[in-house]
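Shown next, in structure tokens, is the structure this report addresses.
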Amino acid sequence: MKSFELARPSSVAQARELLAERQGAVLKAGGIDLLDHLKEHLVETPRLVDLKGVAGMRDITPQPDGSLRIGPLATLAEVAAHAGVRATHRALAQACAEAASPQIRNVATIGGNLLQRPRCWYYRQESYKCLKKGGDVCYAVGGENRYHAIFGGGPSYAVHPSNAAVPLMAMGAQLVLEGEKGPRTLAASDFFTGPSKDPERENQLQPGEVLTEIRVPAAAGWRSSYDDLRERAAFDWPLVAAAAAVRVEGGLVKEARIVLGAVAPIPWRSVRAEQALIGKALDATTAAAAANAATVGAAPLSDNGYKVGLVQTLVRRT
């Protein structure tokens, strides 16, 4: 790891100035993924801009209308334990509570969780110049691909690793980004970008921009749930994750959003599974139909076909 300057701004504006002053400067929140990148020589920077001193970036604020405003520096543990989040946005609390280990949840931030880079072993190895690092090949296609995408892959097949993104997309969350031209707001569903657009990027955050707030709509009338499946119950990354948010009236589903994680280069919204729920009662037959619909269009690689069955199991029980 090469030496670098550590800058500690007290405002978003100052953070943006510090980024602009030094080419290659990067933002630091909890630093979990960033420090891995530095140690693995995937990132070299002359300056880290630490956001911990920026007021309000760690706040979790329920609004009078039932919506939530979450600062990107709120830790996963804080989001999971927040009474307001647990009461009205259960799936988000569940996802944050199940991420990583207790030690990491107390340091890792929800903003960092959304912006972390893929965990693909080819990307994480300095010696492999894959598509994610400006190369011309995805080594997973003909190599070890047990944990890679079954939806939306090509030309890169690394899956998006964020737990929190899955329920946030299911809940219709928006992300506020502040850059040179002022703040802009993007739906979570528009924020994440697949490899067909640019294999070196996973989101719409532009150079010099700062994620300043996560806005989660009011959930009155909605029920939500998150679950994932892992090889072990401890610190493993999910093999498959799912979040479901439904609005039920008169015993029938009026609206539904189902989002899958760890199966695609972005959090993957399963519109077919949603359509299988609309107008139906939430019973075992409907859940089975949604589970089967969720895997239509899956295109497994040589070693990850098992994810098809896991998706069906998880959608059925979520």
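The letter at position 185 of the sequence shown is residue 184 when you use numbering that gives the first Met the number 0, and the numbering goes up by one with no holes.
Each residue gets a CB set at the ideal place from its N, CA and C atoms; glycine is no exception.
What residue from Ile69, Ala272, Leu33, Ala14 has the CA that sits closest to Gly52's CA? Taking the first residue of the sequence shown as 1, we reach residue 52 at position 53. Ranking the options by Cα distance to Gly52, first place goes to Ala14.
Do Ala28 and Pro45 have their C-beta atoms closer together than 8 Å? Taking the sequence shown and counting its residues from 1, the one referred to as residue 28 is at position 29. Taking the sequence shown and counting its residues from 1, the one referred to as residue 45 is at position 46. No, Cβ-Cβ distance for Ala28 and Pro45 is not below 8 Å.
First and last residue of the beta strand (DSSP E) that includes Ile149? Indexing the sequence shown from 1 puts residue 149 at position 150. From DSSP, Ile149 is part of no beta strand (DSSP E); its letter is neither H nor E.
When DSSP labels each residue in this structure, what does Ile277 get in the three-state scheme? In the sequence shown, residue 277 corresponds to position 278, counting from 1. Coil, per DSSP.
Okay, do the segment 246–256 and the segment 267–287 touch, 3+ Cβ pairs below 8 Å being the bar? yes
Could you work out which residue in Pro206, Ile149, Ser10 is closest to Val295 when comparing CA atoms only? Looking up residue 295 in the sequence shown gives position 296. Per the Cα distances, Ile149.
Mapping the DSSP letters down to three states, classify Ser223 as helix, strand or coil. In the sequence shown, counting from the first residue as 1, residue 223 sits at position 224. Of the three classes helix, strand and coil, the one that applies to Ser223 here is strand, per DSSP.
Would you mind sorting Met0 into buried or exposed? The rule is 16 or more other CB atoms within 10 Å of its CB. What you label residue 0 is simply residue 1 of the sequence shown in a count that begins at 1. Flag for Met0 reads exposed.
Tell me whether the segment 114–122 and the segment 76–88 touch, counting them as touching only if at least three CB pairs, one residue from each stretch, are closer than 8 Å. no
Taking the continuous beta strand (DSSP E) assigned at Gln102, which residues delimit it? Indexing the sequence shown from 1 puts residue 102 at position 103. Premise fails: Gln102 lies in the alpha helix (DSSP H), 101–104, not in any beta strand (DSSP E).
Of all the options His36, Ala263, Leu313, which has the alpha carbon lying nearest to the alpha carbon of Leu300? Taking the sequence shown and counting its residues from 1, one reaches residue 300 at position 301. Selected option, being the one with the closest Cα: Ala263.
Own chain partners of Asp226 with C-beta closer than 7 Å, once the 5 adjacent residues on each side are dropped: As a first step, residue 226 must be located in the sequence shown, where it is residue number 227. Cβ neighbours of Asp226 beyond the five flanking positions: Ala241, Leu313, Arg316, Thr317.
DSSP state of Phe190, grouped into three classes? In the sequence shown, counting from the first residue as 1, residue 190 sits at position 191. The answer is helix: DSSP assigns Phe190 an H, G or I state.
Using a Cβ cut-off of 8 Å (strictly closer), state whether Leu17 contacts chain B. In the structure shown, chain B cannot be found, because there is only a single protein chain.
Is the beta carbon of Ala261 closer than 8 Å to that of Ala272? Within the sequence shown, residue 272 is the residue found at index 273, counting from 1. Within the sequence shown, residue 261 is the residue found at index 262, counting from 1. No, Cβ-Cβ distance for Ala272 and Ala261 is not below 8 Å.
Beta-carbon gap between Val78 and Ile31 smaller than 8 Å: Residue 78 sits at position 79 when you count from the first residue of the sequence shown. Residue 31 sits at position 32 when you count from the first residue of the sequence shown. Contact: no.
Neighbour-count burial assignment, Asn105, 16 or more Cβ in a 10 Å radius: One-based indexing of the sequence shown puts residue 105 at position 106. Exposed, because fewer than 16 other Cβ atoms sit within 10 Å of the Cβ of Asn105.
Terminal residues of the beta strand (DSSP E) in which Lys27 lies: Numbered from its first residue, the sequence shown carries residue 27 at position 28. 25–27 is the extent of the beta strand (DSSP E) around Lys27.
Starting from the C-beta of Ala244, find all residues in its chain whose C-beta is less than 6 Å away, skip the five residues before and the five after it, and write them out in chain order. Here residue 244 refers to the residue found at position 245 of the sequence shown. Only Ala169, Met170, Trp221, Ser223, Arg256 meet the Cβ criterion.
Distance, Cα to Cα, Pro71 vs Ala54? Taking the sequence shown and counting its residues from 1, one reaches residue 71 at position 72. Taking the sequence shown and counting its residues from 1, one reaches residue 54 at position 55. Going by the C-alpha atoms only, they are around 11 Å apart.
In chain order, what residues of the same chain lie with their CB nearer than 8 Å to the CB of Glu199, ignoring the 5 residues before and after it? Residue mapping note: residue 199 aligns to position 200 of the sequence shown, counting from 1. Cβ neighbours of Glu199 beyond the five flanking positions: Leu130, Lys131, Lys132, Gly133.
By a C-beta neighbour count over all protein chains shown, 10 Å radius and 16 as the cutoff for buried, is Tyr138 buried or exposed? As a working mapping, residue 138 is identified with position 139 in the sequence shown. Result: buried.
Ignoring anything shorter than 4 residues or poking outside the segment 28–101, list the alpha helix (DSSP H) runs there in chain order. 31–38, 75–80, 82–87, 89–97
DSSP state of Ala255 mapped onto helix, strand, coil: In the sequence shown, counting from the first residue as 1, residue 255 sits at position 256. Residue state, collapsed to three classes: strand.
Distance CB(Leu176)-CB(Leu185) smaller than 8 Å: By one-based count along the sequence shown, residue 176 stands at place 177. By one-based count along the sequence shown, residue 185 stands at place 186. Result yes, Cβ atoms of Leu176 and Leu185 sit closer than 8 Å.
Of all the options Val11, Ser10, Ser269, which has the alpha carbon lying nearest to the alpha carbon of Val258? Sequence index remark: in the sequence shown, residue 258 carries index 259 (1-based). Looking at the Cα atoms, Ser269 is the closest of the given residues.
Report yes if the CB atom of Ala163 is closer than 8 Å to the CB atom of Ala94, and no otherwise. Translated into positions along the sequence shown, residue 163 becomes position 164. Translated into positions along the sequence shown, residue 94 becomes position 95. A contact, by the Cβ cut-off of 8 Å.
Does the Cβ-Cβ distance between Ala96 and Asn112 come in under 8 Å? The residue labelled residue 96 in the question sits at position 97 within the sequence shown. The residue labelled residue 112 in the question sits at position 113 within the sequence shown. Taking 8 Å as the Cβ cut-off, Ala96 and Asn112 do not qualify as a contacting pair.
DSSP puts Glu125 in a beta bridge; with which residues? Position 126 of the sequence shown, counted from the first residue, corresponds to residue 125. According to DSSP, Glu125 bridges with nothing at all.
Does DSSP put Asn303 in a helix, a strand or coil? Numbered from its first residue, the sequence shown carries residue 303 at position 304. In the structure shown, Asn303 sits in coil (DSSP, three-state: anything other than H, G, I, E or B).
So what does Gln173 bridge to, in DSSP terms? As a position in the sequence shown, residue 173 is number 174, starting the count at 1. DSSP output for Gln173 lists Ala186, Arg214 as bridge partner(s).
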